[in-house]
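Q: Please read through the structure below; I'll follow up with questions.
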Amino acid sequence: MNSFKRLAIGLTTTLIVVIVGLYIFLSSNLGSLIVDAVESFGPKVTQSKVSLNSANIAITGEGELNGLVVGNPKGYKSDNAFELGAIKMVLDTDSLTSDVIRIKSILIESPKLNYEPGGDAGSNLKQLVNNVQQFAGSSTSSEEKSEKGKEKKLIIDLLSIVDGEVSVTTPLSDQPISTSLPNIELKDIGKKSGGTSSSDVVKLVIEKVTSAATNVGNISVDELKTKLQSQVGDKLKDVQSQIKAPEGLEGKTGEVGDKLKSIFK
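First residue of the sequence shown? That's 1 in the UniProt record's numbering, and the numbers climb one at a time after it.
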């Protein structure tokens with residue numbers, strides 16, 4: 001075997017070892033890099049605590065995020081606004097080096113939402129939308145663009161949210177009312193405009209989820225109204241039997257349910 005063949009075999013073997021080593025390195029370290037990025041960048045966008053348990057991304061473009069939690073903005077009772085189960089995605093790896101990254105699919109399974117009306121924005125979820133909008137507006141300044149360079153845009157073919165649960169919390173109930181969240185499906189996000197920013201994607205998803213949660217909240221308020229009317233009515237009857245309060249007092253219980261409607265506006 002001449003020296004040229006030996007050199008070719010040596011280079012080929014070395015190249016294979018480098019590729020295998022690079023694959024192992026990226027597969028084992030890419031997840032931790034994503035976790036660090038989410039936990040450092042997320043709070044700036046939502047102005048609340050953001051944590052991610054784990055991320056696994058393969059070089060093939062398939063990946064999964066687990067345990068993403070978005071905390072509530074200041075001024076709300078519950079600790080978290082979102083607790084997302086598994087987020088599965090498929091990336092178009094050919095687009096990763098371009099200015100527009102294409103994501104073939106994102107599937108969010110079994111998310112848990114805490115919908116809490118009130119506050120300056122009207123609810124905790126709407127406050128998150130406002131926070132994202134504020135971040136998006138501040139990040140478009142020419143000075144920041146020059147420092148960070150050109151932001152990559154996204155196109156998402158399909159984004160699905162399935163098997164979700166929403167808990168509605170109100171000041172008039174000690175225990176939240178939980179019910180199923182309607183499945184949400186968004187197609188061709190950013191396609192018409194040639195790509196959209198990551199903050200705009202977050203804003204769109206939260207808006208859609210907020211709309212669905214609000215509809216659930218408006219349905220649940222009837223359940224809460226009936227429950228509270230029954231509880232208050234029973235209490236008033238006990239008081240009447242003990243202190244002989246006027247019968248007209250019992251009619252006031254109906255006003256409680258009517259006032260509940262205003263909480264969700």
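A virtual CB, placed ideally from N, CA and C, is assigned to each residue, including glycine.
Identify the residues that DSSP records as bridge partners of N66: which are they?
A: Answer by DSSP bridge pairing, in chain order: S54, A86.
Q: To the nearest angstrom, how far is it from the Cα of T196 to the Cα of K208?
A: Those two C-alpha atoms are separated by around 17 angstroms.
Q: Within the same chain, show all residues whose beta-carbon is closer than 6 angstroms to that of K187, passing over the 5 residues directly before and after it, in chain order.
A: Within the same chain, K187 has close Cβ partners L158.
Q: Across which residues does DSSP place I162 in a beta bridge pair?
A: The residue asked about is misnamed: residue 162 is Val in this sequence, not Ile. The partner list for V162 (beta bridge, DSSP) reads E109.
Q: Looking at the unbroken alpha helix (DSSP H) that takes in K126, where does it start and where does it end?
A: Note, K126: alpha helix (DSSP H), 124 to 138.
Q: Start and end of the beta strand (DSSP E) containing K187?
A: First-last of the beta strand (DSSP E) with K187: 184 to 189.
Q: Helix, strand or coil for S178? Go by DSSP, reduced to three states.
A: Strand, per DSSP.
Q: Look up N80 in the DSSP assignment and give the residues it is bridged to.
A: Partner(s): G71.
Q: Assign K153 to one of three DSSP states: helix, strand, or coil.
A: Residue state, collapsed to three classes: strand.
Q: Flag this pair as yes or no: are the beta carbons of S211 and V45 separated by less than 8 angstroms?
A: Contact: no.
Q: Exposed or buried, which one is S146 when buried takes at least 16 other CB atoms within 10 Å?
A: Model confidence at S146 stands at a pLDDT of 48, short of 50, so the residue's coordinates are unreliable; what they give is reported in the following sentence. Flag for S146 reads exposed.
Q: Could you tell me which of D163, K104, Q47, S54 sits nearest to G190, measuring between CA atoms?
A: For G190, the nearest C-alpha among the options comes from K104.
Q: Looking at C-alpha atoms only, which residue of V168, G194, D36 is the closest neighbour of K152?
A: The shortest C-alpha separation from K152 is found at G194.
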